[in-house]
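Novice: I have a structure I would like to understand better, so I am pasting it below and will then ask my questions one at a time.
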RNA sequence: GGUGAGGUAGCUCAGCUGGUUAGAGCGCAGGACUCAUAAUCCUGAGGUCGAGAGUUCAAGUCUCUCUCUCACUACCA
């Protein structure tokens, strides 16, 4: 059914910044849901391209490189590989994981800027910036510290005082110094930068956001409208830095007065979605234009973005300004799914403060499936969601080990024991079979709808309910009871049970791909029968009668080991998190 | 300060444009079963829906006030 209306879907998740392996909040809020969605859409027969990349420019990258004793390019190379590996460990099914520092993105960024300027959306202006003589660099506001003029706090940052919360300007700080080196040898200098005139675009942006009120989550539109209501300010899109995309003129030479300046990371990062798609095309001989050029087929592409709420403004305002202002037929996002935060024992996860659990550590203590399931079943969709070790344990033990894992185990091992490990024939359809059929007929289409709507918590809850229904079916059918008096009727229960195992494996693929693979290979399900073609379940050609009689199966080894109280203790000890 | 999101059973959360006895999972209590990772299945107890006022025949659902939590506030991304 779904194959009849196969769509071309472009999926991107917010680019993970380069300065370290990401924490579980980053994973839960962009990369993982994008992956789960991409996998589900592929199973439904859609033509999906999932693109991501490392976001490599900006001051934090330069500073992190310096701290690591590496050149910026060496550092980024190293961290790109680390992040790519972390993604692979969590089974993120990128079609391409690129880099914002690639040549393609450089070229696109420069071209966009030239087009924007030609259309009057870029203006060169002079501003004052703090320059640290000792560091030999301009400092972003937050890297300047000093005494807060409001409360006297001694380590107030140039953008905001951490003590009293007042918003500051670096020039307001008393006795300012560089947060990088601690040097007080700082001065205010005039510097020229390019400004993106977002204000001129606000009418069009407002109309565009307004047109998506119905299909975007409230979180997305409310953030965008808030900025529009406050009045868009023009944003500087260049910085005084070495590492990044050079600012050039139409001839391709460095623009006059822009030596030592590059584009601001937030200008080029979204452009890297396109650049990475071009890089993907170059490596695979794919066609990037059908995803991005509306004059080359991208009108027929559905573009879906995933991100944390902090990124919404950039994706609903700045990047669309870039796209619209270019006057060129670039694809705008169609559907934008934003997430709140996963919180960590009362606060936020923090890369800089090393608070929380990071992807490389997480994979060390539990298999990726465990994390994927828990983070999706508890996705921070309607509000921030608290992560606790106890909840993690409950998700894994109850949902995965008890409901799914035990189900697979109980029926496959019974089949091996009593029916020689093959799908048995015989038996009559009873109320139990009719009941499970009705359950599936109702739940599977609903589950698919939740995936299509990117309602992850609900999709997970529905999936779990289907697994639980399998256990209930076995209780009703009770093949072990029939076996004593009527082996044929026992065969019915086992056969349906085995079909359910196969179905559950098929359903589990987007969420817990490793376990799904174990189940499907134990059931000897060929690749071509692992897709989602079950909108209408029936006994004639539906998922309950998919396995041929005498089809051999085996009982997979225990799929999910339970998390013990001692594990929780050890992890709490190691990562903090005690309240 | 401004803006936004949220405060619904012990815990985590569903509840669309207001309409029968407010739902799910976990946890808890009792029972059933014994194929299974002491798993599973059934039943049950548990909520004055943050507080107060208002609109209405009718409000968790709309309006106002108050209160608590969290986030964003543009040069970290």
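In this note's numbering, the protein residues as written are 861 to 1439.
We treat Cβ as the ideally placed atom computed from N, Cα and C, and that holds for glycine.
1. Give the DSSP bridge partners of residue 998, in chain order.
2. Based on the DSSP output, what are the partners of residue 1196 in its beta bridges?
3. Between residue 1267 and residue 1327, which are expected to be in contact by the criterion C-beta below 8 Å, what is the C-beta distance as a whole number of angstroms?
4. If you run the structure through DSSP and keep just helix, strand and coil, what is residue 913?
5. In the DSSP assignment, find the beta strand (DSSP E) that holds residue 1246 and state where it starts and stops.
6. What does the alpha-carbon distance come out to for the pair residue 1083 and residue 1173?
7. What did DSSP end up calling residue 982 once you bin it into helix, strand or coil?
8. In its own chain, which residues sit with a C-beta less than 6 Å from the C-beta of residue 1096, not counting the 5 before and 5 after it?
9. Let me know the beta strand (DSSP E) ranges lying completely inside the stretch 1031–1066, each 3 residues or longer, listed in chain order.
10. Would residue 912 be called buried (16 or more neighbouring beta carbons within 10 Å of its own) or exposed?
11. Mind checking which residues open and close the alpha helix (DSSP H) that includes residue 1379?
12. With contact counted as at least three CB pairs below 8 Å, one residue from each stretch, are the stretch 1058–1070 and the stretch 1084–1095 in contact?
13. Take residue 966 and list the residues in its own chain whose beta-carbon comes closer than 6 Å to its own, dropping the five residues that flank it on each side.
14. Considering just the uninterrupted stretch of the beta strand (DSSP E) at residue 956, what are its terminal residues?
15. Please list the terminal residues of the continuous beta strand (DSSP E) segment that includes residue 873.
16. Could you check what DSSP says for residue 1098 in three-state terms: helix, strand or coil?
17. Can you tell me which of the three DSSP states residue 877 falls into?
18. Determine which residues share a DSSP beta bridge with residue 1006 and list them.
19. Report the partner residues of residue 1027 according to the DSSP bridge assignment.
20. Among the residues of its own chain, which have a CB less than 7 Å from the CB of residue 964, if the five just before and after it don't count?
21. Check this for me: beta carbons of residue 961 and residue 916, under 7 Å apart or not?
22. Quick test of the definition: if touching needs 3 or more C-beta pairs under 8 Å, does the stretch 1240–1248 touch the stretch 899–906?
23. Return the Cβ separation of residue 950 and residue 1223 in integer angstroms, given the expectation that the two are a contact with Cβ distance under 8 Å.
24. For residue 897 and residue 1171, I'd like the C-alpha separation in whole angstroms.
25. Taking 8 Å as the cut-off, does the stretch 934–949 touch the stretch 1157–1168 (at least 3 CB pairs, one atom from each stretch)?
26. Below 8 Å on the Cβ atoms is my guess for residue 1003 versus residue 919; work out the distance and round it to an integer in Å.
Specialist: Let me spell this out:
1. 991
2. 1165
3. So it is a contact: roughly 6 Å between Cβ atoms.
4. strand
5. 1245–1247
6. Straight-line Cα distance between these residues: approximately 7 Å.
7. Strand.
8. Answer for residue 1096: 1053 and 1055, listed in chain order.
9. 1034–1038 and 1046–1056
10. buried
11. 1373–1382
12. yes
13. 1105
14. Residue 956 -> beta strand (DSSP E) spans 956–959.
15. 868–873
16. strand
17. strand
18. 1016
19. 1020
20. 1135, 1138 and 1139
21. Yes. Within cutoff.
22. Touching, no.
23. 7 Å
24. 19 Å
25. no
26. 7 Å
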